[in-house]
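In our numbering, the protein residues as written are 93 to 646.
The C-beta atom is built at its ideal place from N, Cα and C for all residues, glycine as well.
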């Protein structure tokens, strides 16, 4: 029989687990090769127990972490009792434990006293994963096989060493073998660091005490979450959010969340959402579940531990064959942004009726650009650059105005745009302008955060090609409780020959020439509360700082 440790030991272990995932994240940041990881930080860290329950996570990318226990469970299902100390597992397949193909997940088991006790987990978005287009996003895909390399749960290595033949197989199927290899080794190294730190904890406290502490930590998180939910109004409400399009002619694709709050429990029913689409805005099941969990987490107190216990008061209902849970074989690469953002928005809209002071205005949507070309400073080499700059604004809330250029719901500030100077040093790009976009924030008692205004010039050697992947040129971030929507995105290609055109959110093979410019106006966050209740002094301050278009709007 397991006996929970005393409160002091429990607190020490809880904080130790959190410290381990934070240290793993720092190791990942400092050893990864690609810009998408060592600058923009598109990775996440988690510890799971032997039963694949989430024990601790670092503050990285929320939509990753809620899905990572599904990856651990997929390894358990695939390998069962054959898991050995020193094994290294890898996967990315969204129909076998993953979320979308660019996110590879490295998983290392942690043994103590002859039994499996933990899993050390690292998920990272790779700069390329093969497929028909560079950069991992294919707006033209109608099936997952057109999106990239599928990796079901595999035993990548044993004795804490990866198999070189399997590593070669993976990197050979990508366009940037050096970066993918380096990033994969960084993932494995971070996972092994987690194993090492956990072994130290287990050596000090023993497996029985540590496992009992995990059980108690999860129970405490559940109790904390239930106490908060119990203070919200009971009822059933429908929240809706819409995707602009699917890239194949379908528009106004609905995500509907019918949310029931009863006592200390929530049920989120997504079965009324639109059917799955031909394009890549469909979601895998783990990503959908993670988005719902993320929405709940955003409405809880910051100090609530976001672990398996936190999500026990939540029941999710969904129907396979809908946009939020596509049938196997459908393309899903956009799902970690869209439709995950819309799932969060629909859930928060519904629950704004139950806990208005906790609901926040919508965060901006994702509109990616990936450029492949040649750098004149590095003859014989090509590059792939992912645009993480000019991020959209966050939503306003009862606590104040939204954060400007903070990003989207799915990352909640976890993705960084990184140093402009570093980007110019690493890629043949010139940032003519990178600043806030005045007038983009949704008005409200507390306005949303501003989006960005980026003017980017290509200093490439010869022709380049770009793909876009995203949403949000028709629908801006939603205002909440009387607040106004944020401005939608507006991206424009300004060619060196003087011609120009708007960019669509789902395009493949856009030709670019040296001297061409991208003018990116990213969307603002949604406002919270009626605009007429905004403090006049705040409007004066916004005008003085140039955050609104004209002082006459005061």
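Separation of residue j from residue i, as counted between CA atoms
i	j	result
residue 212	residue 627	48 Å
residue 194	residue 624	44 Å
residue 190	residue 269	21 Å
residue 184	residue 138	16 Å
residue 531	residue 107	42 Å
residue 277	residue 305	31 Å
residue 493	residue 275	37 Å
residue 455	residue 355	29 Å
residue 365	residue 602	32 Å
residue 646	residue 635	Note on residue 646: pLDDT 38, under 50, position unreliable in the model; the coordinate value appears next. Their Cα atoms are separated by approximately 8 Å.
residue 170	residue 418	22 Å
residue 178	residue 256	16 Å
residue 620	residue 102	39 Å
residue 157	residue 378	10 Å
residue 201	residue 381	24 Å
residue 533	residue 573	16 Å
residue 363	residue 374	14 Å
residue 652	residue 345	Given a span of 93 to 646 for the chain in the structure shown, any question on residue 652 remains unanswerable.
residue 122	residue 215	15 Å
residue 463	residue 359	42 Å
residue 557	residue 542	29 Å
residue 228	residue 218	8 Å
residue 577	residue 622	12 Å
residue 320	residue 153	24 Å
residue 514	residue 271	17 Å
residue 340	residue 420	19 Å
residue 325	residue 172	43 Å
residue 638	residue 564	24 Å
residue 267	residue 248	21 Å
residue 618	residue 473	42 Å
residue 615	residue 484	5 Å
residue 280	residue 124	11 Å
residue 337	residue 580	14 Å
residue 187	residue 470	39 Å
residue 110	residue 288	15 Å
Buried or exposed by the 16-neighbour rule on C-beta atoms within 10 Å, applied to residue i
i	result
residue 174	exposed
residue 293	buried
residue 95	exposed
residue 465	buried
residue 477	buried
residue 450	buried
residue 643	Confidence is the limiting factor: at residue 643 the pLDDT is only 41, short of 50, which leaves the residue's position unreliable, though a coordinate-based value still follows. By the neighbour-count rule (16 or more Cβ atoms within 10 Å), residue 643 is not buried but exposed.
residue 629	exposed
residue 250	exposed
residue 261	exposed
residue 394	exposed
residue 239	buried
residue 231	buried
residue 641	exposed
residue 237	exposed
residue 524	exposed
Close beta carbons around residue i, own chain, < 6 Å, minus the five adjacent residues each side
i	result
residue 167	181, 199, 245
residue 546	481, 482, 526, 612
residue 608	550, 587, 588
residue 205	299
residue 562	458, 459, 460, 597
residue 582	613
Cut-off 8 Å between Cβ atoms - residues of its own chain near residue i, not counting five sequence neighbours on either side
i	result
residue 505	486, 495, 498, 499
residue 97	105, 297, 301, 304, 305, 308
residue 140	146, 147, 160, 161, 164, 210, 211, 213
residue 367	413, 414, 415
residue 113	137, 138, 139, 148, 149, 150, 286
residue 283	116, 180, 198, 199, 200, 212, 213, 214
Sequence-distant residues of the same chain with beta carbon closer than 7 Å to residue i, five excluded per side
i	result
residue 100	none
residue 342	369
residue 225	559, 600
residue 265	222, 241
residue 273	259, 263
- request: Taking 8 Å as the threshold, find out whether the region 316–334 comes into contact with the region 345–365 through three or more Cβ pairs.
  value: yes
message: Closer than 8 Å is the cut-off here; do at least three beta carbon pairs connect the region 509–516 with the region 576–593?
response: no
message: Which runs of the alpha helix (DSSP H) at least 4 residues long sit entirely within the region 276–344? Give them in chain order.
response: 299–321
message: Threshold first: 3 residues or longer. Then list the beta strand (DSSP E) segments lying entirely within the region 123–185, N to C.
response: 135–141, 146–149, 180–183
message: Whether or not the region 374–389 and the region 398–411 are in contact is what I'm after, with contact meaning three or more pairs of Cβ atoms, one per stretch, closer than 8 Å; do they touch?
response: yes
message: Which complete beta strand (DSSP E) runs does the region 547–585 hold, if anything under 3 residues is left out?
response: 556–562
task: Count the C-beta pairs between the region 312–323 and the region 148–160 that are closer than 8 Å, then say yes if the count reaches three, no if not.
output: no
task: With a floor of 3 residues, list each beta strand (DSSP E) that falls wholly inside the region 350–405, ordered by position along the chain.
output: 357–361
Entirely enclosed alpha helix (DSSP H) segments - the region 417–503, minimum 4 residues: 432–443
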